[in-house]
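Everything on this sheet refers to the single structure shown next.
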Amino acid sequence: YENKDGNWGGPPRDAGFNSFGGRSDRSKSAFFNDRGTGSRGGRFERGGFSSGGNSRWVEEAREDDWSKPTAPNERLERELFSGSNTGINFEKYDDIPVEATGTSCPKHIEIFHDVDMGEIIMGNITLSRYTRPTPVQKHAIPIIKSKRDLMACAQTGSGKTAAFLLPVLSQIYTEGPGDALQAFAYRSHVRPCVVYGGADIGQQIRDLERGCHLLVATPGRLVDMMERGKIGLDYCNYLVLDEADRMLDMGFEPQIRRIVEQDTMPPKGIRQTMMFSATFPKEIQILARDFLEDYIFLAVGRVGSTSENITQKVVWVEENDKRSFLLDLLNATGKDSLTLVFVETKKGADALEDFLYREGYACTSIHGDRSQRDREEALHQFRSGRCPILVATAVAARGLDICNVKHVINFDLPSDIEEYVHRIGRTGRVGNLGLATSFFNDKNSNITKDLLDILVEAKQEVPSWLESLAYEHQHKSSNRGRSKR
Numbered sequence: 002y003e004n005k006d007g008n009w010g011g012p013p014r015d016a017g018f019n020s021f022g023g024r025s026d027r028s029k030s031a032f033f034n035d036r037g038t039g040s041r042g043g044r045f046e047r048g049g050f051s052s053g054g055n056s057r058w059v060e061e062a063r064e065d066d067w068s069k070p071t072a073p074n075e076r077l078e079r080e081l082f083s084g085s086n087t088g089i090n091f092e093k094y095d096d097i098p099v100e101a102t103g104t105s106c107p108k109h110i111e112i113f114h115d116v117d118m119g120e121i122i123m124g125n126i127t128l129s130r131y132t133r134p135t136p137v138q139k140h141a142i143p144i145i146k147s148k149r150d151l152m153a154c155a156q157t158g159s160g161k162t163a164a165f166l167l168p169v170l171s172q173i174y175t176e177g178p179g180d181a182l183q184a185f186a187y188r189s190h191v192r193p194c195v196v197y198g199g200a201d202i203g204q205q206i207r208d209l210e211r212g213c214h215l216l217v218a219t220p221g222r223l224v225d226m227m228e229r230g231k232i233g234l235d236y237c238n239y240l241v242l243d244e245a246d247r248m249l250d251m252g253f254e255p256q257i258r259r260i261v262e263q264d265t266m267p268p269k270g271i272r273q274t275m276m277f278s279a280t281f282p283k284e285i286q287i288l289a290r291d292f293l294e295d296y297i298f299l300a301v302g303r304v305g306s307t308s309e310n311i312t313q314k315v316v317w318v319e320e321n322d323k324r325s326f327l328l329d330l331l332n333a334t335g336k337d338s339l340t341l342v343f344v345e346t347k348k349g350a351d352a353l354e355d356f357l358y359r360e361g362y363a364c365t366s367i368h369g370d371r372s373q374r375d376r377e378e379a380l381h382q383f384r385s386g387r388c389p390i391l392v393a394t395a396v397a398a399r400g401l402d403i404c405n406v407k408h409v410i411n412f413d414l415p416s417d418i419e420e421y422v423h424r425i426g427r428t429g430r431v432g433n434l435g436l437a438t439s440f441f442n443d444k445n446s447n448i449t450k451d452l453l454d455i456l457v458e459a460k461q462e463v464p465s466w467l468e469s470l471a472y473e474h475q476h477k478s479s480n481r482g483r484s485k486r
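The working numbering puts the last residue of the sequence shown at 486; the count rises by one with no breaks.
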């Protein structure tokens with residue numbers, strides 16, 4: 002995208018300038034997920050945004066055109082966009098089947114310029130180095146721009162976040178008012194805020210009181226804020242449930258229903274609602290029925306499948322040999338490549354981190370017993386490459402979106418295949434190539450058939466021993482069924 006005024010990447014304003022301003026009584030959005038992020042809209046009457054906060058946001062918004070970018074900030078620009086990397090394998094996306102069902106479905110786009118998203122969004126797309134939309138973006142962007150409700154199922158790492166952020170922010174800029182959110186709000190008047198558990202709630206409240214147009218939230222902390230009278234949902238225009246299946250897996254359905262159905266949230270048909278999920282179990286179907294109005298269902302690829310951008314390898318490794326095999330693997334792929342190692346238990350995460358440290362590897366770990374500050378510091382060290390190996394339990398790593406993770410290693414395989422899909426989806430994101438290696442032994446026989454199906458579906462090499470085990474497991478199951486009859 003070329004701006005004739007030459008402002009994108011132009012001379013910096015004061016390094017301390019933060020362009021996330023704006024009025025609190027203009028159009029708002031809310032979305033929440035199972036990570037530390039979500040967004041909301043509404044006037045926050047109960048939180049007092051229109052009476053409190055920093056009046057500077059109000060004065061600037063009255064004088065300025067919200068559709069025009071503010072002055073650039075070189076420091077912030079480097080922080081937001083230096084890690085952007087959309088990969089080299091977008092051609093494979095052209096082969097992914099996409100099915101859109103619903104009444105009067107808008108025509109999909111082929112390039113970002115096929116739909117008018119305004120100067121700010123197009124400039125930030127360029128800074129993010131997005132050269133072309135992914136399949137979910139090609140279809141979701143025009144659907145959301147047409148103000149339709151949407152239920153989208155797409156693989157982890159397929160660009161779902163930008164698929165809803167781009168059109169929602171575009172509409173806020175046109176109509177008046179976790180790291181992707183800030184990137185696309187850069188040089189706009191929109192002020193994003195985040196609320197999530199484990200962090201200082203006082204600081205989060207102070208941030209909210211300065212003004213907020215998009216709120217990113219986890220369900221538990223959002224309910225807490227609502228009950229404290231710090232957030233009201235009276236004027237929410239856009240509601241997004243990101244990674245809805247993971248939120249249900251983690252037991253957040255009561256909080257989600259409390260937020261959407263039991264407070265001052267505008268009803269469906271008044272607000273615009275979008276749900277995104279990697280899988281589409283019955284529970285998600287019920288949620289879509291209850292929360293969405295005349296929605297379009299978008300299925301990108303086979304629902305619940307894995308990306309062909311990820312090379313999946315399954316190797317037989319006995320429990321006692323796992324550590325030595327892991328060292329061989331790390332040496333083969335290079336110590337500096339970002340590598341995410343999954344283990345099943347918190348104790349196992351601590352033990353494996355200690356082992357790797359003693360072996361001379363720069364590593365860190367996250368799990369449920371770590372404080373929020375410790376987890377954020379570990380993730381910062383991992384992202385920056387200071388500790389390129391991160392040992393994690395599945396719960397602690399849910400929803401992680403880290404650029405350039407080259408290798409995911411299932412040191413311990415999960416007990417269900419959906420967890421496997423989410424784990425390996427931490428690599429091979431948005432067109433990048435990734436590698437996933439899983440250690441398999443007798444303890445993992447319960448997912449043999451499902452794992453085989455996933456490998457075949459993604460056109461991966463299948464070990465002959467895994468095929469034999471799957472056949473034996475299926476044969477035993479059928480024999481047990483006959484004996485019961």
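No residue lacks a Cβ here, since even glycine has one placed at the ideal position from N, Cα and C.
Please read these numbers as outputs of a predicted model, since none were measured by experiment.
Span of the beta strand (DSSP E) holding residue i?
i, result
"Pro193", "193-196"
"Tyr239", "237-242"
According to DSSP, simplified to helix, strand and coil, what is residue i?
i, result
"Trp317", "strand"
"Arg272", "strand"
"Thr428", "coil"
"Leu470", "helix"
"Ile367", "strand"
"Glu61", "A caution first: Glu61 carries a pLDDT of 43, below 50, which makes its placement in the model unreliable, though a value can still be read off. Note: Glu61 maps to helix in three-state DSSP."
"Ile122", "helix"
"Ile260", "helix"
"Thr127", "helix"
"Thr334", "helix"
"Ile110", "coil"
"Ile311", "strand"
"Met266", "coil"
"Lys139", "helix"
"Met248", "helix"
"Lys323", "helix"
"Arg487", "Past the boundaries of the shown model lies residue 487; the chain is included only from 2 to 486, so the question cannot be answered."
"Ile232", "coil"
"Ala72", "coil"
"Lys148", "coil"
"Ala352", "helix"
"Gly203", "helix"
"Glu419", "helix"
"Ser446", "helix"
"Ser372", "coil"
By DSSP's criteria, residue i is part of a beta bridge. Which residues make up the other side?
i, result
"Val344", "Thr394"
"Asn411", "Phe343, Ser439"
"Met226", "Answer by DSSP bridge pairing: none, since Met226 is not bridged."
"Val99", "Val301"
"Ala155", "Partner(s): none; Ala155 has no beta bridge."
"Ser278", "Cys154"
Which residues in the same chain as residue i place their Cβ atom closer than 7 Å to its Cβ, once the five residues preceding and following it in sequence are excluded?
i, result
"Ile145", "Leu151, Phe165, Pro168, Val169, Met275"
"Ile206", "Lys231"
"Leu330", "Ile410, Thr438"
"Arg384", "Ile403"
"Leu328", "Glu360"
"Met226", "Val196, Ile232"
Can we count residue i as close to the ligand NAP, meaning its CB is less than 8 Å from some heavy atom?
i, result
"Phe165", "Within the structure as shown, the ligand NAP is missing, as the structure has no ligands at all."
Ordered along the chain, which non-local residues of its own chain (more than five positions away) have a Cβ less than 8 Å from that of residue i?
i, result
"Thr449", "Leu467, Leu470, Ala471, His474"
"Glu294", "Asp150, Lys269, Gly270, Thr274"
For chain C, find out if any of its Cβ atoms is closer than 9 Å to the Cβ of residue i; answer yes or no.
i, result
"Val191", "Absent here is chain C; the protein component of the structure consists of one chain."
Excluding the five sequence neighbours on either side, which residues of its own chain have a C-beta within less than 6 Å of the C-beta of residue i, listed in chain order?
i, result
"Asp337", "Pro389"
"Gly302", "Ile97, Gln156"
"Val406", "Leu339, Leu341, Arg427, Thr428"
Check for me: the alpha helix (DSSP H) holding residue i runs from which residue to which?
i, result
"Thr449", "449-458"
"Lys161", "161-176"
"Leu401", "It is not in any alpha helix (DSSP H) - Leu401 carries neither H nor E in the DSSP assignment."
"Asp291", "283-292"
Note to self: Would you call the stretch 271-287 in contact with the stretch 236-255, where contact means no fewer than 3 C-beta pairs closer than 8 Å?
What the structure shows: yes
Next item on the list: Could you tell me whether the stretch 402-414 touches the stretch 424-442, where touching means 3 or more Cβ pairs closer than 8 Å?
Entry: yes
Next item on the list: Inspect the CB distances between the stretch 258-267 and the stretch 94-112 and report whether three or more fall short of 8 Å.
Entry: no
Notebook entry, point to check: Would you call the stretch 311-325 and the stretch 361-372 touching, i.e. three or more CB-CB distances under 8 Å?
Noted result: Contact between the stretch 311-325 and the stretch 361-372 is absent: fewer than 3 CB-CB pairs across the two stretches fall below 8 Å.
Check: Does the stretch 130-141 come close enough to the stretch 343-353 to have 3 or more Cβ pairs within less than 8 Å?
Finding: no
Note to self: Contact between the stretch 312-319 and the stretch 452-464 is defined here as three or more beta-carbon pairs at a separation below 8 Å; is this criterion met?
What the structure shows: yes
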